[in-house]
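See structure below.
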Amino acid sequence: MSQPLLSVENVSVEFRTEGVRRPAVREVSYSLTAGEVLAVVGESGSGKTVTAMSLLGLLPGNATVSGRAVLDGTDLLSLSSQQLRGVRGNDVGMVFQEPMSALNPVFSIGDQLVEAVQAHRPRAAAQARRRAIELLGLVRLPEPERLLRSYPHELSGGQLQRVVIAMAVANEPALLIADEPTTALDVTVQAEILELLRDLRSRLNAAILLITHDMGVVADIADRVVVMHDGRVVEHGDVLSIFAAPREEYTKQLLGSVISLSAPLVGESLAAQEIEDEVVTRGDQVAVTAHPATRSVPDSAGAEPTLRLTDLSVTYRGRFRSHSVRAVDGVSLHIEPGEVLGLVGESGSGKSTIASAITGLVPTSGGGLTVQGVDLTTLRGRKRRSALGRIGVVFQDPASSLNPRATIAGSVAEPFRLHSTLRGAELDRRVDELLEAVQLSASLRDRYPHELSGGQRQRVGMARALALDPALLIADEPTSALDVSVQARVLDLFRTLQTELRFACLFISHDLAVIEQLADRVAVMHRGHVVEQGLTAEVLARPLHPYTRRLLFAAPVADPVEQRRRRA
Amino acid sequence: MSPARSVPSAILRMLRTDRWALGGVVAIVLLGVVAAAANLLTAIEGQDPFTYHNEALDHATGRPAGTLGGVSGAHWFGVEPLTGRDVFAIVAFGARTSFLIGLAATLVSVVLGVLLGASAGYLGGWYDRAVVWTADVFLGFPYLVFMIALGAVVPASVPRPLLLVVVIGFFGWPSIARIVRSQTLTLKKRNFVSAARALGAGPWHVFRVELLPNLWAPIIIVATLSIPGKIGLEAALSFLGVGMPPPTPSWGRSISGAIDWVRTDPMLLIFPGLALFLATWGFNVFGDGLRDALDPRTEVRR
Chain A
1 MSQPLLSVEN
11 VSVEFRTEGV
21 RRPAVREVSY
31 SLTAGEVLAV
41 VGESGSGKTV
51 TAMSLLGLLP
61 GNATVSGRAV
71 LDGTDLLSLS
81 SQQLRGVRGN
91 DVGMVFQEPM
101 SALNPVFSIG
111 DQLVEAVQAH
121 RPRAAAQARR
131 RAIELLGLVR
141 LPEPERLLRS
151 YPHELSGGQL
161 QRVVIAMAVA
171 NEPALLIADE
181 PTTALDVTVQ
191 AEILELLRDL
201 RSRLNAAILL
211 ITHDMGVVAD
221 IADRVVVMHD
231 GRVVEHGDVL
241 SIFAAPREEY
251 TKQLLGSVIS
261 LSAPLVGESL
271 AAQEIEDEVV
281 TRGDQVAVTA
291 HPATRSVPDS
301 AGAEPTLRLT
311 DLSVTYRGRF
321 RSHSVRAVDG
331 VSLHIEPGEV
341 LGLVGESGSG
351 KSTIASAITG
361 LVPTSGGGLT
371 VQGVDLTTLR
381 GRKRRSALGR
391 IGVVFQDPAS
401 SLNPRATIAG
411 SVAEPFRLHS
421 TLRGAELDRR
431 VDELLEAVQL
441 SASLRDRYPH
451 ELSGGQRQRV
461 GMARALALDP
471 ALLIADEPTS
481 ALDVSVQARV
491 LDLFRTLQTE
501 LRFACLFISH
511 DLAVIEQLAD
521 RVAVMHRGHV
531 VEQGLTAEVL
541 ARPLHPYTRR
551 LLFAAPVADP
561 VEQRRRRA
Chain B
1001 MSPARSVPSA
1011 ILRMLRTDRW
1021 ALGGVVAIVL
1031 LGVVAAAANL
1041 LTAIEGQDPF
1051 TYHNEALDHA
1061 TGRPAGTLGG
1071 VSGAHWFGVE
1081 PLTGRDVFAI
1091 VAFGARTSFL
1101 IGLAATLVSV
1111 VLGVLLGASA
1121 GYLGGWYDRA
1131 VVWTADVFLG
1141 FPYLVFMIAL
1151 GAVVPASVPR
1161 PLLLVVVIGF
1171 FGWPSIARIV
1181 RSQTLTLKKR
1191 NFVSAARALG
1201 AGPWHVFRVE
1211 LLPNLWAPII
1221 IVATLSIPGK
1231 IGLEAALSFL
1241 GVGMPPPTPS
1251 WGRSISGAID
1261 WVRTDPMLLI
1271 FPGLALFLAT
1281 WGFNVFGDGL
1291 RDALDPRTEV
1301 RR
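Quick mapping for you: the protein sequence lines, in order, are chains A and B. Residue 163 in my numbering sits at position 163 of the first sequence, with consecutive numbering throughout. Residue 1217 in my numbering sits at position 217 of the second sequence, with consecutive numbering throughout.
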């Protein structure tokens, strides 16, 4: 094996808060050679980010770091802050998770790139500008001249992440540290960014230290893998052997809880028939033909659907009525009693807006919206509020969906206080029943949300949503803020409750694998339109619309062999 | 720190770790006890703030007899020149005036500010704009001139303390409303507020159950920090002769009167001045300490 570029030896990190020392990283060692991608995986709190930050001295003041981290013969941990500044951005480039907050909104892309170029090697302005244009070309951004003049808010998330990567590689670093570089991005964009990283690695011969929780990303790009848990390295090895034959129990568990999409079927299937202008169908599956779509697919509901949207539109008005955005455009959907409809799409596709429109958080601008036959768009005041009692909602971020100053029992009891006369001991008993139903101990009832884990909080959110035995449950990305192992358990619980209580459910997710597990039918959204709809198994196996196909292909699979086969 | 730390436990913690805030609390409690027990304390001293004591004066000059403005066992803080009224009694009853007006006016400001600020932030739209504009107008309003004018116009039948409380309190709402509004705007974006609305909760329920418990910490901080300003404003108005009418003791009027005697009898200025300083300093450092304890973003000074 060749000389390692970076070797981390017995690095430990401790945080001191209010006099108490808390170890975050314990004796972690790993190494990587030039041109290699090392993925550090683990769940939140495993110390994967803290280790990487300690290399560049980017930890807060209350951290103490010990051990050695040798980059090209120099121990990074023994450098003064002056010397470290010479290393950051020069020998080591850094890519952060949120591209939007990694760039300064008041400076143009050009200013920020030129600054990165000149930070370590001062040169003439014209020369630095030429280098900036060159870098934008390197990260495959079109029209670099125009881009240099634009500001961060004018770019999409994927474009911004490319700019951040361009800044990170401005001085041709030997090592690129990428901390969850694709987590905030949509799957199709994620696939493009990973492709770019792979491309840069081979062109610049840089080593990439990739920090991620996503096993699909690891399978896609990593050469070697370090699995961290609770501040320790649990297992490390070649990506193929880790996925094929994990040795440690924790790695097995981590891989076991990853939900993967079953591979789409290949081969010829029945041809689709055109039934209307620009609409094709095959069996129960309907799709539009145009891409990008100009209309949504038609919908035919049964006699008494729990939820029915007919030609629903939602428009967000600009500040002085200058420009309005049609977030949802003429969407028709229905959910039968006891059915789970999966709503898939990327950010900005309008899927969450539909949820907000049903729960009355945003006003609709056209079309019909009925829940159990009651038209919610015409109801006002008290009647409308009582109609909302039939809908339960589970939100994405469990941390913000519970009132931090209310106890768990208080949060779960809130629907009863609003919609029923249940009080006192009877109410307490009902709350305990609900907590038990979501597999939480009744002893948690007097705790506050911050004393619970993310998974427990999401269970509380589910208990609250199910309190009034709703006819319709809306789940808006309920598991995307959770670690994989927690996500698997919460989804299990969700399935159990759904089979038991038989509520109709609108399940919104960007993750096709989750939808495949839970939904009976699926609707795919793209830029405010439903472009395809049908039984989940059929849509995911034989997609009709090009966008559905793209989504399916971009979804990373936690299997390095399969990923390599796809790329070939 | 955890976001859900309760206000009482934060205060206890602050008192253990922050010596300045502890000093502030001691000053407030001391003055508070003096104000509350003014009757008892002056009875122990054997004086009251209204009786003239000619025997305590130097008859040739009208100045207090004895050193340090006549400080003695009978008159703890000495006596006033020309009248011989007991300065300790005046300061003690003046504390009562200051605290009552300062706290009552703050209560008026907080109630108005919280209701207007929270409703503006939560409801938004033209109502929000109207509230913000009104608040901006009042923040830039020359309220001192207005209050002096008002003092001249309002008939004497209206009790002065009530007028002062209402006017000082009324001009205090915009600063509180602005802070409460911005907090409400950020809270409104949090999902637990959306969750309650999606469950069918009305605006009043959302305000009472979801917003108010999360607003207490900033409200208590701004309220505490605004008390010294209000005590100072009352003193300033009394200093200018449009505040508390004589003979009710007031620190501001005592200081105003003492200005004429500052060369010959400086103690007359020092005692009420010190009391006013102690009160404003106490509430200020206590409010600062509270902010440090309740808001994790500010550094704790030790």
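Ideal Cβ placement from N, Cα and C applies to all residues, glycine included.
Contact between the region 549-566 of chain A and the region 364-380 of chain A is absent: fewer than three C-beta pairs spanning the two stretches fall below 8 Å. Residue B/SER1250 holds the alpha-carbon nearest to the alpha-carbon of B/ALA1035 among B/SER1250, B/ARG1291, B/PHE1286, B/LEU1269. With its beta carbon less than 9 Å from one in chain B, A/GLU414 belongs to the interface. Ranked by Cα distance from A/SER46, the options A/ARG162, A/THR496, A/GLY231 are led by A/GLY231. Straight-line measurement puts the Cα of B/PRO1049 at about 27 Å from the Cα of B/THR1106. With fewer than 16 other CB atoms across the displayed protein chains lying within 10 angstroms of its CB, B/PHE1141 is exposed. Of the residues A/VAL189, A/ILE211, A/ALA481, A/THR479, the one whose Cα lies closest to the Cα of A/THR51 is A/ILE211. Distance check between B/LEU1215 and each of B/ASP1136, B/ALA1118, B/PHE1283 places B/ALA1118 closest, using alpha-carbon atoms only. Put simply, the backbone Cα of A/VAL163 is about 8 Å away from that of A/ILE109. Nearest CB-CB separation between A/ASP230 and chain B: not below the 9 Å threshold.
C-alpha of A/ALA558 to C-alpha of A/SER260: approximately 7 Å in a straight line.
Here A/LEU402 is not near A/ARG521, since their CB atoms are 9 Å or more apart. In terms of Cα proximity to A/GLU500, the closest of A/ASP492, A/LEU506, A/LEU148 is A/ASP492. In this structure, the CA atom of A/ARG88 is about 10 Å from the CA atom of A/GLN82. Nearest C-alpha to A/ASP223 among A/SER31, A/PHE507, A/GLN517, A/GLU27: A/SER31. Under the three-state reduction of DSSP output, A/ASP299 falls in the coil class, being neither helix nor strand. The region 48-68 of chain A and the region 15-24 of chain A touch, with three or more beta-carbon pairs separated by less than 8 Å. Annotation for B/LEU1187: VAL1193, LEU1211, ASN1214 place their beta carbon closer than 7 Å to its own, counting only its chain and skipping 5 residues before and after. In this structure, DSSP gives A/HIS510 a state outside helix and strand, which the three-state scheme calls coil. DSSP lists A/THR281 as the bridge partner or partners of A/GLN273.
The three-state secondary structure of A/HIS236, taken from DSSP, is strand.
In the DSSP assignment, A/TYR30 forms a beta bridge with A/VAL8. In terms of Cβ geometry, A/GLY367 and A/GLY330 form a close pair [threshold 9 Å]. Sixteen is the threshold: when 16 or more other Cβ atoms of the shown chains lie within 10 Å of the Cβ of A/SER356, as they do, the residue is buried.
Ranking A/PRO404, A/GLU154, A/LEU147, A/GLY216 by CA distance to the CA of A/ALA513 puts A/GLY216 first.
Contacts with chain B (Cβ-Cβ distance below 9 Å) from the region 396-425 of chain A involve GLN396, ASP397, PRO398, ALA399, SER400, SER401, LEU402, ASN403, PRO404, ARG405, ALA406, GLY410, SER411, GLU414, PRO415, ARG417, LEU418, HIS419, listed in chain order. Check the Cα spacing between B/SER1175 and each of B/ILE1220, B/ASP1136, B/ILE1231: the tightest is with B/ASP1136. Residues of the same chain with a CB within less than 8 Å of the CB of A/THR188, apart from the 5 flanking positions on each side, are GLU346, ARG550, LEU551, ALA554 in chain order.
Neighbours of B/LEU1294 across chain A, judged by C-beta separation under 8 Å, do not exist; the nearest C-beta is about 12 Å away. Judged by DSSP secondary structure, A/GLY45 falls outside any beta strand (DSSP E); it is assigned neither H nor E.
Flagged as an interface residue toward chain A: B/LEU1199, by a C-beta distance shorter than 9 Å. In the structure shown, B/ARG1096 falls within a helical segment according to DSSP collapsed to helix, strand and coil. The CB of A/SER386 comes closer than 7 Å to the CB of GLY1200 in chain B, given here in chain order.
Counting the other CB atoms within 10 Å of its CB gives B/THR1264 a total below 16, which places it among the exposed residues. When the five nearest sequence neighbours on each side are left out, the beta carbons in the same chain lying within less than 8 Å of the beta carbon of A/HIS450 are those of PRO404, in order along the chain. A/HIS450 carries a helical assignment under DSSP once its states are collapsed to helix, strand and coil.
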